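Residues in the sequence shown are numbered from 38 upward in steps of one, following my numbering. Ideal placement from N, C-alpha and C gives every residue a C-beta, glycine not left out. Just so we're clear, the structure is a prediction, and the values are computed from it rather than from any experiment.
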Amino acid sequence: REEQNILLLVVTSDMGKAGAFNANILKAAMRFLDSKSGKNIEVEAIGRKGRDFLRRRFKAAEPRKSGAAGSAQTTLVGEQIGVVAKLQYSFASEMAERIIERYEKTEIDSVYIVFNEFKSVIAQRLVVEQILPVEQIGTQTVAEAKEMEIEEKKRAIEAARGAGVGLRLADTREADARAAAFATAPVDYIYEQSPRELFRSLLPKYIGIQIFRALLESVAAEHAARMTAMESATNNATDMIDSLTLQMNRIRQAKITKEIIEIVSGAAAL
38 REEQNILLLV VTSDMGKAGA FNANILKAAM RFLDSKSGKN IEVEAIGRKG RDFLRRRFKA
98 AEPRKSGAAG SAQTTLVGEQ IGVVAKLQYS FASEMAERII ERYEKTEIDS VYIVFNEFKS
158 VIAQRLVVEQ ILPVEQIGTQ TVAEAKEMEI EEKKRAIEAA RGAGVGLRLA DTREADARAA
218 AFATAPVDYI YEQSPRELFR SLLPKYIGIQ IFRALLESVA AEHAARMTAM ESATNNATDM
278 IDSLTLQMNR IRQAKITKEI IEIVSGAAAL
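Written as structure tokens, this is what we have:
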């Protein structure tokens, strides 16, 4: 269906002192909102920093009901504070059920989530991900995934060689052949539920896991960003202390030298 009513989840931290962690997320969220101009966008903030930022820019409103009409606007419809500190899957599961219920009632047409993905201690990746509607995997996507698997296999082999493990690409062919033999079932299985019922049962779990994964990635990236920022601040403070100490010693030495010169000059005058 046409994408007219959008729900955007913005995941930030509750605390600061994490460098540009929150600023980058909020900039990405604003760019997304600009790209979706002319549509009804509901924003739900997860984290105090995002809540405070969005409160200053958008008015708070109740979630749009099914069939309700109105001009295109961006509103803040929810805020979740303190969930990141004590993160549990139940929070993501409840949010997923609420989102799916609204999606089925056509109150929203699509759902996006903005978060920082953990890549390394010194690097995070901004992610704007669509979680509803679930995109269908096509042939091109599958082909790209297979190519990625081959590349990952090559990287794993290189890592194994670096660790002193003798692993060659030919060594994996037998295992791949055995796996391929079991990939296609020789019989047509009959499932107890219809595909529609299975999908309705699995969808909340899938959406819940996607939200929970984004929250976990954000928490890991937040801790890494804060550690890096605090380490940089500590190094800067140490450099500043050393510089000021050196400056103080020079001034003190100059003052002592001046006093000695005055004493010697006075003694010579007598």
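Item: Which whole-angstrom value is the C-beta distance of Ala65 and Leu169, which I expect to be below 8 Å?; Value: Between Leu169 and Ala65 the Cβ distance is about 19 Å, and since that is not below 8 Å, they are no contact.
Item: Decide if Ile293 is buried, meaning its Cβ has at least 16 other Cβ atoms within 10 Å, or exposed.; Value: exposed
Item: With the cut-off set at 8 Å, would you say Phe128 and Ala251 are in Cβ contact?; Value: no
Item: Would you mind working out which of Glu268, Tyr149, Ile244 sits nearest Phe69, comparing C-alpha positions?; Value: Tyr149
Item: Look at the alpha carbon of Val165 and the alpha carbon of Ala258, and state the distance between them as a whole number of angstroms.; Value: 15 Å
Item: Three Cβ pairs or more, each shorter than 8 Å: is that satisfied between the segment 284-300 and the segment 77-85?; Value: no
Item: If we ignore side chains and look at the alpha-carbon of each, how far apart do Glu268 and Glu296 end up?; Value: 42 Å
Item: With 16 other CB atoms within 10 Å as the buried threshold, where does Gln290 fall?; Value: exposed
Item: Going by the beta-carbon positions, is the gap between Gly84 and Ser50 smaller than 8 Å?; Value: yes
Item: Beta-carbon within less than 6 Å of Gly245's beta-carbon, same chain only, minus the 5 sequence neighbours each way: which residues are those?; Value: Ala129, Ser130, Ala133
Item: Give every residue of the same chain whose Cβ lies closer than 7 Å to the Cβ of Phe37, excluding the five residues on either side of it in the sequence, and list them in chain order.; Value: Because the chain is modelled from 38 through 307, residue 37 falls outside the range shown and cannot be assessed.
Item: Roughly how many whole angstroms lie between the Cα atoms of Glu172 and Lys54?; Value: 37 Å
Item: Can you tell me where the alpha helix (DSSP H) holding Val121 begins and where it ends?; Value: From DSSP, Val121 is part of no alpha helix (DSSP H); its letter is neither H nor E.
Item: Is it buried or exposed for Gly203, if we count other Cβ within 10 angstroms and need 16 for buried?; Value: With a pLDDT of 49 at Gly203, under the threshold of 50, the modelled position of that residue is not reliable, and no figure is offered here.
Item: Do Ala261 and Val158 count as a contact pair if the criterion is CB distance below 8 Å?; Value: yes
Item: Within 10 angstroms of its Cβ, does Glu308 collect 16 or more other Cβ (buried), or is it exposed?; Value: With the chain represented from 38 up to 307, any question about residue 308 goes unanswered, as that position is not in the structure.
Item: For Asn59 and Arg92, I'd like the C-alpha separation in whole angstroms.; Value: 15 Å
Item: Under the rule that 16 or more other beta-carbon atoms within 10 Å means buried, what is Arg88, buried or exposed?; Value: buried
Item: Please classify Asn33 as buried or exposed, where buried requires at least 16 other C-beta atoms within 10 Å of its C-beta.; Value: Residue 33 lies beyond the range of the chain shown here (38 to 307); nothing can be said about it.
Item: Between the alpha carbons of Gly115 and Ala82, how many angstroms are there, rounded?; Value: 6 Å
Item: Going by beta carbon distance, what residues of the same chain come within less than 7 Å of Lys73, once the five residues before and after it are set aside?; Value: Ile43
Item: Examine the ligand GTP and report whether any of its heavy atoms sits within less than 7 Å of the Cβ of Asn59.; Value: Absence of the ligand GTP from the depicted structure is noted, as is the absence of any ligand whatsoever, leaving it without description.
Item: Counting only the same chain and skipping the five closest in sequence on each side, list residues whose C-beta sits under 6 Å from that of Tyr140.; Value: Leu169
Item: Are there 16 or more other CB atoms within 10 angstroms of the CB of Ser280, so buried, or fewer, so exposed?; Value: exposed
Item: Classify Phe236: buried if its beta carbon has 16 or more other beta carbons within 10 angstroms, exposed otherwise.; Value: exposed
Item: Quick one: grab the DSSP three-state call for Leu206.; Value: Only weak support is given to the placement of Leu206: the predicted model assigns it a pLDDT of 49, under 50, and the value that follows is read from those uncertain coordinates. DSSP places Leu206 in helix when its eight states are reduced to three.
Item: Round the Cβ separation of Gly56 and Ala274 to the nearest angstrom and send it over; I've been treating them as touching at under 8 Å.; Value: Not quite, the Cβ-Cβ distance comes to about 15 Å (not below 8 Å), so this is no contact.
Item: Among the residues of its own chain, which have a CB less than 7 Å from the CB of Arg263, if the five just before and after it don't count?; Value: Lys54, Ala55
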